[in-house]
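Heads up, the thing below is written out as C-alpha cells.
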Amino acid sequence: GCTCDCNLETMLKHDPPLIFNIDDDKSESTPLTPDSFPDFDQLVALARQELAAHYATLDPNVTDEMTTLPDPLLQPCCNGRWPDNCECDNYEPHEVYP
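If you read the sequence shown in my numbering, its first letter stands for residue 21, the second for the next number, and so on.
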C-alpha cells in the first residue's frame, strides 16, 4: 500500500494545522489547541513562516513523484536499517522498529 492516495479532493487539510507535544503525547492522540497551549497562535504563525521559507528554496516539481508510490523510502524499515535488510513481512502498526 501507499501512504495516501494523494487525491486533493479527498485529502484532509487541517487549518489550523495539527500540532502535538510528542514529549507528552507520543501517540499524537491529542492535538494542541489555543486553550491547551498558550503560545499556540505564535507557534502556528512561526511554523507557517518557516514552511514558506522552505518552499521558497524548492524548484518546481516537473514530474509528479507521487505516481511512483509505493516508494521504499516512504515505507517502514522493520528488520534493519535502510537500505540494508529492510523487508517488512512482519510489519505491525504502532510497533517501534529500529
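Beta carbons: idealized from backbone N, C-alpha and C, even for Gly.
Rounded to the nearest angstrom, what separates residue i and residue j at their Cα positions?
i   : j   : result
L54 : D61 : The sequence shown places Pro at residue 54, rather than the Leu named in the question. Those two C-alpha atoms are separated by around 7 Å.
L66 : F57 : 15 Å
E70 : K33 : 18 Å
D44 : L38 : 15 Å
M31 : L78 : 22 Å
P51 : N41 : 8 Å
P36 : D59 : 13 Å
Y75 : V64 : 16 Å
Where do the ends of the alpha helix (DSSP H) carrying residue i lie?
i   : result
F60 : 60 to 75
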